[in-house]
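For the sequence shown, our numbering gives the first residue as 15, with consecutive numbering after it.
Below: one structure, written as structure tokens.
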Amino acid sequence: MRLVSALTTLADLPEKEWQAQVVQLARTLGWRHFHAYRSTKSPAGFPDLTLVRERIIFVELKTERGKLTDAQKDWIEALLHAGAEAYVWRPADLDRAGRILAQRGDPFQARGEIVSIAASLRKRVLDEAAA
Ligand SMILES: [Mg+2]
């Protein structure tokens, strides 16, 4: 019963609260973050968070059932294509997000790995877009 209610809570977590959790986790792990407080006059779809430490990460945050807009997909694809680390994280991705944020990467050594991660993420984003 407890598990069911925990999952219900996760599924209902508003994006704003999910974002606050990710920002708190990132700051604890030494990341600087940027978030456009009011993005209404900016180009549409740019990821919610830009995280900077020894490398730079772009994150689009979504609720458990939130859909990516076309503009959000375009930005993630463009960033991945450019060799950036870019992710779409939902509350269920918390553990994975934590692992990625905890990972220390020499930006030059890690580059080959990031490119291969980017290829698999790109596939995931496109699969998700098609779903
Ligand atoms: Mg978002």
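Note that the Cβ used here is the ideal one computed from N, Cα and C, for glycine as well.
All values derive from a computational prediction rather than experimental measurement.
In the DSSP assignment, the residues bridged to residue 66 are 46, 70. Take the alpha-carbon of residue 58 and the one of residue 47: they are about 19 Å apart. In its chain, beyond the 5 residues on either side, 29 have a beta carbon closer than 6 Å to the beta carbon of residue 77.
Shortest gap from the CB of residue 76 to any heavy atom of ligand 1: under 8 Å. For the set 23, 24, 36, the Cα lying nearest the Cα of residue 114 is the one of 36. Sixteen is the threshold: since fewer than 16 other Cβ atoms of the shown chains lie within 10 Å of the Cβ of residue 25, the residue is exposed. For the set 97, 85, 101, 107, the Cα lying nearest the Cα of residue 65 is the one of 101.
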